[in-house]
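Asker: Just passing along the structure, written as structure tokens.
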Amino acid sequence: MKPTVEYIREHFDLYNRQLFGGTLPVPPIHLTNARTYMGQMVCKKKVGLFGKKHFSDFRLRISQRFDFEETELQDTIIHEMIHYYIAYNQIDDTSAHGDTFRQMMNDINTRFSRHLTISHRTSREERLQVIGSQPRPRIFAVLTLTDGYHYIKAVPRIEQRILTMHQRLASSPIVTSIDWYFSTDPFFALFPVSMGTRAQRVDPAELQSHLTTATPLHCDGRTLHT
Ligand SMILES: [Zn+2]
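Going letter by letter, the sequence shown gives residues 1010 to 1235 in this note's numbering.
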């Protein structure tokens, strides 16, 4: 669907009441033709004494360039509203999608069964463009953690490294499941390869759609085979 100002305005009002206690003044809403974002909350930023930031003059931009699914447009509006709420209340978050942002996003996802994500689809598409369409084979583990979310841990394609990572993950008290895969889908090339313990959270529906073409690998920490 193509976004319209009326639709955005109507949903802004709805989410303002549902999610933000009706505390947010309606900002000017602009439709744009941007390729680089689906939604964007812009404002003026002044840095005052002791580096304290002050935000004002908020505007909400939604790009018409994308053929949104309705829920995707709604999630985009809410995503931008979280940015708005944080800036409007002059809350100092740890980064653009910092602790406060994530906390609010996770809370909304849980309470209202939405699928807000940190990375907008466009930024992911941009990164995909940078990476190109050439297949980049990846071996990675899909993890479920005790928080109930899914994560991806990509490792070097060296058997010994995979076994080592498996043992490391298996001994972690917060890891509840580990499933290994091989894939050349460029989607997985977006996940950094490392032997560190950081894993990237991934949207389960999106993950599922890309896993259909991946090859499951069986690993017990001592052997690895398809
Ligand atoms: Zn954002």
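Glycine included, each C-beta is placed from N, C-alpha and C at the ideal position. These numbers were taken from a predicted model, which means no experiment stands behind them.
According to DSSP, is Ile-1117 helix, strand or coil?
Answerer: Note: Ile-1117 maps to helix in three-state DSSP.
Asker: Does the beta-carbon of Thr-1085 have 16 or more other beta-carbons within 10 angstroms, so that it is buried, or is it exposed?
Answerer: The residue is buried, with at least 16 neighbouring Cβ atoms inside 10 Å.
Asker: Would you identify the three-state DSSP class for Asp-1066, choosing helix, strand or coil?
Answerer: Reduced to three states, the DSSP call for Asp-1066 is strand.
Asker: Report buried or exposed for Val-1164, applying the criterion of at least 16 other Cβ atoms within 10 angstroms of its Cβ.
Answerer: Val-1164 is buried by the Cβ-count criterion.
Asker: Is Ala-1043 near ligand 3 - that is, is its Cβ less than 7 Å away from at least one heavy atom of it?
Answerer: As far as ligands go, the structure on display features ligand 1 and does not contain ligand 3.
Asker: Around ligand 1, what residues have a beta-carbon under 6 Å from a heavy atom of it, in chain order?
Answerer: Result: His-1088, His-1092, His-1106.
Asker: Per DSSP, Phe-1077 forms a beta bridge with which residues?
Answerer: DSSP, once it has assigned bridges, lists no residue as partnering Phe-1077.
Asker: Tell me His-1219's beta-bridge partners as DSSP assigns them.
Answerer: Beta-bridge pairing links His-1219 to no other residue.
Asker: Express the C-alpha separation of Phe-1021 and His-1002 in angstroms, rounding to a whole number.
Answerer: A query on residue 1002 cannot be resolved here, the shown segment of the chain reaching from 1010 to 1235 and no further.
Asker: Check this for me: beta carbons of Ile-1187 and Leu-1152, under 8 Å apart or not?
Answerer: Taking 8 Å as the Cβ cut-off, Ile-1187 and Leu-1152 qualify as a contacting pair.
Asker: Looking only at its chain, what residues have a beta carbon closer than 8 Å to the beta carbon of Ile-1183, apart from the 5 residues adjacent to it on each side?
Answerer: Within the same chain, Ile-1183 has close Cβ partners Leu-1154, Thr-1155, Asp-1156.
Asker: Tell me the DSSP secondary structure of Ile-1091 in three-state form.
Answerer: Here Ile-1091 sits in helix by DSSP.
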